[in-house]
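Chains L, U and G, in that order, give the protein sequences. Per numbering that gives the first Met the number 0, the very first residue in the first sequence carries number 0; after that it's consecutive. Per numbering that gives the first Met the number 0, the very first residue in the second sequence carries number 0; after that it's consecutive. Per numbering that gives the first Met the number 0, the very first residue in the third sequence carries number 0; after that it's consecutive. C-beta: ideal position from N, C-alpha, C; glycine also. These notes concern the structure reproduced below.
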Amino acid sequence: MDTSVKYVRGPTTHDRTFLEEVIAQTPVDDPRLAYCVQCGTCGGSCPSGADMDYSPRELFAMIDANMREEVLSSNTPWYCVSCYYCMVRCPQDVHITDVMYTLKRMAVREGFSHESNAKDAPDFSETFIDFVENYGRSFELGLATLYHLRHHPLNAVRMATGMGFDLFRKGRMNLLPTRIENIDQLKAILAEAKAIGGNGDANL
Amino acid sequence: MPQERIGVYVCHCGSNIAGTVDVEELTAWAGEALRHRGVVVARDYKFMCSSLGQDLIAKDIKEDALTRVVVAACSPHLHEATFRKACADAGMNPYLCELVSIREQVSWVHTDKAAATAKAKAVISGGVERVIHHAPLEPMSVPINPATLVVGGGIAGIQAAMEIADSGFHVYLVEREPSIGGHMAQFDKTFPTLDCAACILTPKMVSIGSHPHITLLTYSEVEQVDGYVGNFNVTVRKKASYVNSDLCTGCSVCEEKCPKSVIDPVFEAGLGYRKAIYRSFPQAVPKFPVIDADNCIYFDTGKCKACEIHCEAGAIDFEQEDQILELNVGNIILATGYDLFDARRETQYGYGRLANVFTSLEFERLTNAAGPTNGNIVLRDGETTPKSVGIIHCVGSRDRKFNNYCSVICCMQSLKFAHLVKERTGAEVFNFYIDMRTAYKEYDEFYQRVLSEGVHFIRGRVAEVTDVSNTPEEEDKLVIQIEDTRIGRQRRIPVDMVILSAALEPRHDSDEVAHQFGISCSVNGWFIEKHPKLDPVATMTEGIYIAGCAQGPKDIPSTVTQGAAAAARVLGRIQQKEMALEPIRAEVTEALCSGCRICNNLCPYTAIVFDEAKEVSVINAALCQGCGTCVAACPSNAISGTQFSNEQVMAQLHGLLMLNIMEPVVS
Amino acid sequence: MQTYSYYPGCALERNAAVYHDSLMAVAESLDLTFTEVADWNCCGATEYITIDLIPAYALVGRNLALAAEQNCNGRSLVAPCSACFLNLKKADHYLAQSPELNRKVNQALAAGGLHYEPGSVHVKHLLEIITEDVGFEKVARAVKRPLFGLKIAPYYGCLIVRPVFDGTFDDAEQPTSMDTLMRTIGAEVVDFPAKAQCCGGHMTQISEAVALHLIHQLLKNAVDHGADVIAAICPMCQLNLDAYQDAVNKHYGTNFHIPILYFTQLLGLAFGFGEATMGIGQELVDARPALANIQVKPLKPVKRKRPSKTELPMPPKLQEVRSCLKNE
Numbered sequence: 000m001d002t003s004v005k006y007v008r009g010p011t012t013h014d015r016t017f018l019e020e021v022i023a024q025t026p027v028d029d030p031r032l033a034y035c036v037q038c039g040t041c042g043g044s045c046p047s048g049a050d051m052d053y054s055p056r057e058l059f060a061m062i063d064a065n066m067r068e069e070v071l072s073s074n075t076p077w078y079c080v081s082c083y084y085c086m087v088r089c090p091q092d093v094h095i096t097d098v099m100y101t102l103k104r105m106a107v108r109e110g111f112s113h114e115s116n117a118k119d120a121p122d123f124s125e126t127f128i129d130f131v132e133n134y135g136r137s138f139e140l141g142l143a144t145l146y147h148l149r150h151h152p153l154n155a156v157r158m159a160t161g162m163g164f165d166l167f168r169k170g171r172m173n174l175l176p177t178r179i180e181n182i183d184q185l186k187a188i189l190a191e192a193k194a195i196g197g198n199g200d201a202n203l
Numbered sequence: 000m001p002q003e004r005i006g007v008y009v010c011h012c013g014s015n016i017a018g019t020v021d022v023e024e025l026t027a028w029a030g031e032a033l034r035h036r037g038v039v040v041a042r043d044y045k046f047m048c049s050s051l052g053q054d055l056i057a058k059d060i061k062e063d064a065l066t067r068v069v070v071a072a073c074s075p076h077l078h079e080a081t082f083r084k085a086c087a088d089a090g091m092n093p094y095l096c097e098l099v100s101i102r103e104q105v106s107w108v109h110t111d112k113a114a115a116t117a118k119a120k121a122v123i124s125g126g127v128e129r130v131i132h133h134a135p136l137e138p139m140s141v142p143i144n145p146a147t148l149v150v151g152g153g154i155a156g157i158q159a160a161m162e163i164a165d166s167g168f169h170v171y172l173v174e175r176e177p178s179i180g181g182h183m184a185q186f187d188k189t190f191p192t193l194d195c196a197a198c199i200l201t202p203k204m205v206s207i208g209s210h211p212h213i214t215l216l217t218y219s220e221v222e223q224v225d226g227y228v229g230n231f232n233v234t235v236r237k238k239a240s241y242v243n244s245d246l247c248t249g250c251s252v253c254e255e256k257c258p259k260s261v262i263d264p265v266f267e268a269g270l271g272y273r274k275a276i277y278r279s280f281p282q283a284v285p286k287f288p289v290i291d292a293d294n295c296i297y298f299d300t301g302k303c304k305a306c307e308i309h310c311e312a313g314a315i316d317f318e319q320e321d322q323i324l325e326l327n328v329g330n331i332i333l334a335t336g337y338d339l340f341d342a343r344r345e346t347q348y349g350y351g352r353l354a355n356v357f358t359s360l361e362f363e364r365l366t367n368a369a370g371p372t373n374g375n376i377v378l379r380d381g382e383t384t385p386k387s388v389g390i391i392h393c394v395g396s397r398d399r400k401f402n403n404y405c406s407v408i409c410c411m412q413s414l415k416f417a418h419l420v421k422e423r424t425g426a427e428v429f430n431f432y433i434d435m436r437t438a439y440k441e442y443d444e445f446y447q448r449v450l451s452e453g454v455h456f457i458r459g460r461v462a463e464v465t466d467v468s469n470t471p472e473e474e475d476k477l478v479i480q481i482e483d484t485r486i487g488r489q490r491r492i493p494v495d496m497v498i499l500s501a502a503l504e505p506r507h508d509s510d511e512v513a514h515q516f517g518i519s520c521s522v523n524g525w526f527i528e529k530h531p532k533l534d535p536v537a538t539m540t541e542g543i544y545i546a547g548c549a550q551g552p553k554d555i556p557s558t559v560t561q562g563a564a565a566a567a568r569v570l571g572r573i574q575q576k577e578m579a580l581e582p583i584r585a586e587v588t589e590a591l592c593s594g595c596r597i598c599n600n601l602c603p604y605t606a607i608v609f610d611e612a613k614e615v616s617v618i619n620a621a622l623c624q625g626c627g628t629c630v631a632a633c634p635s636n637a638i639s640g641t642q643f644s645n646e647q648v649m650a651q652l653h654g655l656l657m658l659n660i661m662e663p664v665v666s
Numbered sequence: 000m001q002t003y004s005y006y007p008g009c010a011l012e013r014n015a016a017v018y019h020d021s022l023m024a025v026a027e028s029l030d031l032t033f034t035e036v037a038d039w040n041c042c043g044a045t046e047y048i049t050i051d052l053i054p055a056y057a058l059v060g061r062n063l064a065l066a067a068e069q070n071c072n073g074r075s076l077v078a079p080c081s082a083c084f085l086n087l088k089k090a091d092h093y094l095a096q097s098p099e100l101n102r103k104v105n106q107a108l109a110a111g112g113l114h115y116e117p118g119s120v121h122v123k124h125l126l127e128i129i130t131e132d133v134g135f136e137k138v139a140r141a142v143k144r145p146l147f148g149l150k151i152a153p154y155y156g157c158l159i160v161r162p163v164f165d166g167t168f169d170d171a172e173q174p175t176s177m178d179t180l181m182r183t184i185g186a187e188v189v190d191f192p193a194k195a196q197c198c199g200g201h202m203t204q205i206s207e208a209v210a211l212h213l214i215h216q217l218l219k220n221a222v223d224h225g226a227d228v229i230a231a232i233c234p235m236c237q238l239n240l241d242a243y244q245d246a247v248n249k250h251y252g253t254n255f256h257i258p259i260l261y262f263t264q265l266l267g268l269a270f271g272f273g274e275a276t277m278g279i280g281q282e283l284v285d286a287r288p289a290l291a292n293i294q295v296k297p298l299k300p301v302k303r304k305r306p307s308k309t310e311l312p313m314p315p316k317l318q319e320v321r322s323c324l325k326n327e
């Protein structure tokens, strides 16, 4: 059927709106966010929808209403489990999961990421990428320990004695991370990528 | 070539053109710079299409002895006819007038006034060069055969056939199924008045069956269409029904005695059974049954013949063969209707997997007193009355993965379902909608009525229908999961039955049918009308009209309106007895034609045939619409289009590039 | 003999080592050769993309570039982990779609002397290779010890079937390829409507309540339908359903003890490999009691009770229609 219609920003006299900014920072030419018709398929499909401050649908309306602070400090993007149900069901083909990633990045960059009740989530991500940047591989034991020691000391104890111990006993956890051979190459690539990343725009 | 005397007329179109193009400068320029090409007068006027504007041109033709006219205004689609007629009235051959567009192609698409004015100069220059090469043409005329073919025996085709036949002209009504009646015959009630569909439809069906001016060809399909407006030759295959209609009394004993029962995927929407010898429904028109040979025990094993044994009239004829009929008609109305969206494609709604998910057509049969449950609204077990029912709108509509359009009827149909469930079962009813679309006479009033009946309306598009239960209340239920967008919260609503208001889709074979009749389909597959607003039942092919859902989703009132409108258009043609055709045609220069036949299949109007004796392609002038596809495709340059000869096109390019202007280009 | 480039992903190095071992054994039985992409790096899971965009795509881009460089015969790249599979496939897809993103990512790769041309690596999930490239007939021929009587709930999870890019090989909501595969090795496949629901992903670390809710839903649905074993195709799904079963039981007062095995472990058992070779016992919920249900002969098919006289017909399943069309 006809999916050829594309969002084209016409000539405008105003500054870039929040909506336009979110679109520009999402890694496809047109994430179709401007096409949201507020049907709620996303909110209805979301496995963690019940725990979100705002449903994805509400968040999209808030983006269009330029409610930057409320959007970026909401827990909604951080509760996204990346299951992509919303994205395959959305009748308007909005790239919802990708938009959620964009909002997370904006929240981190603009210092809103610790405002919501999902405030640990960014730390989990940051701990994760610390390992990736230094070793080239992720490292479950180190990730879990470091993250829990930082945020849930009690969980860390539980990890070490309960399930974590079981996994360790079964040989399913490494004590040391593996490091890729050409870690310098990876570091060079990531450094350059960060430099290019600049304002966060994917497409402009 | 003696110098032509050309008039150039620049229209302001209010500010539409004058706002972006300097019309005074343009006019002055045309009079000066193109004088050596024959321009003897150049004028501008606020509205050239007004009668005063037309008079201006007529006056010049007479007083200045103009031999050619160029009007720079809007698209030829809009006013070419106007200016041609003005020229003809003033005594000039109308085909010596050229309309060039400086609105759609210039003022509406540019903002820079100087650049737009420069472009308009080029456009006029091209028009002037082209018009020099125009030849006077005389319109052709063809006689109109007063008989009409109507394809499709649903309510649109019934209406169209009836209107034409009642005016005393003959109609051939061709229907693929064994009975006319279409989708409407499957319904129990019609919105918003809740008329019984059969009560208002079957009298019309009976009239069709007995009308002296209607030849009813059911169980038949059009195989081939040749000819052109006024004189189409149509080949129809009348499938063998194995029942001699001269002898059959329609007593239906054969149906009772037939031992083979099969699911009826068409009339019963898969929800009920029919026999191998069957009529679609008791009030079928015609009343004669047909034998479905694929499912008949006799055709399979050579034994049985129960129908023949019990037929007192001796009407069963296993030796009957398909009949090929040749019809001659002047006009054709296509009223081929729609298919229902295959709801199994929206996997998250569980149709085909979850027993108690029904489609809208299944539910129509469920509520129909003549349907498989005698009108009892029950679950798939055929016994249990549901205590709660969810009705989901927009299934397969307004969804880019399936159909990127609104199916128009689903909101009202869903309201009707809600009312019927409430009235007949007392169940709790939930309607799930994105937006409520009730835009027609008495429609919103019906919405108000259903609201007053205590139906729940939950705004939101259902995310999924699942049998995965989370709580004891959800066990053995269908759970509808949705964001209730009124409150921004996710809800899980357990129900016994789910009805999917599935989209209307173009017939699965609409592309082939369109090609067969030489018309076009939209991106979504609906037949394309000549103009979406001003000519909704005509097509770009003369003599072919469309009506009802074949043109796009619509409700019964609009369908009937279109059926009647198409009939009126046909009657108008018939009354004219003959009609003038645009003389803009393609022609084959036989000496150049290599006989490669590339053009034969490309022609969207099937106007080109191959002359086997001469081994050249021949264009039927009455069928050709002058689209130019063959002209462009011909590898031997053997085809030229009247008004679009190489000479004319090259001259126009020459003009557009300003190669006709003597002044040296500024270096 | 078909050869593929192989991207194991971090989990298969340790936590899901049995997945790696069993898939390698199964691959050999099916004449498949998996050549590991040398010096591959982490795909970033769902974490890197939440912090920084271009580096996240460059991270995946390095893997694609390495696979392309080392993959001289235009082989497909196989990923057994659904998250890795999606990250690789999605990066390739978006780089092809978005020229600006492609330019930026390749500029970053150039700093490491690499380049990636979108579309040059064809990313496939392991399940896709076994069900489509190898095919059920060949799998059936490799079966030595059918898993008769073992009731399996095939669990697909999210990222193998969603999002839908061009050429996704199974239905996004109710996939069936693994169902057919499990039947091919003799097992009983139970109805498992939750088969493509989310396991909670990293939510175990962020909001345990959300994760436990999702895991509970899956375990309950499989057990409700009488499954002995859940077959998994992704290390994250296996870990969440296996390692958090205890926590679910505590939180919901339930008593689930349903083992979660990789589908390759089940294939391996059917191909005649021993339990130890297939790493049975590495799972936290012991699979051995369930595997004891395997019979020597197939179970007698349960006779579907005759439909009652009143029963209305069901529409044919879409797959049936499709297979009819194929036969034509």
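- Item | Where the region 39-60 of chain L meets chain U: residues whose CB sits under 8 Å from a CB there | Gly39, Thr40, Cys41, Gly42, Gly43, Ser44, Cys45, Gly48, Ala49, Tyr53, Ser54, Arg56 and Glu57
- Task: Output, in chain order, the set of chain G residues within a Cβ distance shorter than 7 Å of Ala187 (chain L).
- Result: Ala110 and Gly111
- Message: Could you check whether the Cβ of Gln237 (chain G) sits closer than 8 Å to any Cβ belonging to chain L?
- Response: no
- Item | Contacts that Gly487 (chain U) makes with chain L (C-beta to C-beta distance below 9 Å) | Gly39, Gly42, Tyr53, Ser54, Arg56 and Glu57
- Under the rule that 16 or more other beta-carbon atoms within 10 Å means buried, what is Asn144 (chain U), buried or exposed? buried
- Message: For Arg129 (chain U) and Leu51 (chain U), I'd like the C-alpha separation in whole angstroms.
- Response: 26 Å
- Query: Comparing the C-beta of Gln184 (chain L) with each C-beta of chain G, is any distance below 8 Å?
  - Reply: yes
- Message: I'd like the list of long-range same chain contacts for Ala537 (chain U), defined as Cβ closer than 7 Å, with 5 residues on each side in sequence excluded.
- Response: Glu528, Lys529, Tyr544 and Arg568
- Compare the C-beta of Ala87 (chain U) against all C-beta atoms of chain L and say whether one is closer than 8 Å. no
- Item | Short CB-CB distance (under 8 Å) between Thr2 (chain L) and chain G | Below a pLDDT of 50, predicted positions are generally treated as unreliable, and Thr2 (chain L), at 45, falls in that range; the measurement from the model is reported next regardless. Thr2 (chain L) does not count as touching chain G.
- Query: Out of curiosity, what's the CA-to-CA distance linking Ala174 (chain G) and Phe168 (chain G)?
  - Reply: For the record, residue 174 (chain G) in the displayed sequence is Pro; it is not Ala. If you take the alpha carbons of Pro174 (chain G) and Phe168 (chain G), they lie about 9 Å apart.
- Answer yes or no: does any C-beta atom of chain L fall closer than 8 Å to that of Arg498 (chain U)? Reading the sequence as shown, one finds Ile at residue 498 (chain U) and not Arg. It does not: the Cβ of Ile498 (chain U) has no partner Cβ on chain L nearer than 8 Å.
- For Lys143 (chain G), collect the residues of the same chain with a Cβ closer than 8 Å to its Cβ; drop the 5 residues on either side in sequence, then sort them by chain order. Ala269, Phe270 and Gly271
- For chain U, is any of its Cβ atoms less than 8 Å away from the one on Asp92 (chain L)? yes
- Does the Cβ of Phe445 (chain U) have 16 or more other Cβ atoms within 10 Å, making it buried, or fewer, making it exposed? buried
- Query: Is Glu180 (chain L) helix, strand or coil by DSSP?
  - Reply: coil
- Under 8 Å between beta-carbons, which chain A residues line up against Asp111 (chain U)? List them in chain order, please. Given the protein chain composition of this structure (L, U and G), no chain A is represented.
- Within 8 Å of chain L by C-beta, residues of the region 459-478 of chain U in sequence order: Gly459, Arg460, Val461, Ala462 and Glu463
- Checking contacts by CB at 8 Å: is Leu317 (chain G) closer than that to chain L? no
- Message: Taking the straight line between their C-alpha atoms, what separation do you get for Tyr250 (chain G) and Asn430 (chain U)?
- Response: Checking the displayed sequence, the identity of residue 250 (chain G) turns out to be His instead of Tyr. Approximately 36 Å between the Cα atoms of the pair.
- Message: Tell me which residues of the region 275-286 of chain G have at least one Cβ-Cβ distance to chain L shorter than 9 Å, keeping chain order.
- Response: Gly280, Gln281, Glu282 and Leu283
- Pick out whichever of G:Ala246, G:Glu131 and G:Asp170 has its Cα sitting closest to the Cα of Gly161 (chain L). G:Ala246
- Please name the residue in U:Leu326, U:His109 and U:Cys306 whose C-alpha comes closest to that of Val252 (chain U). U:Cys306
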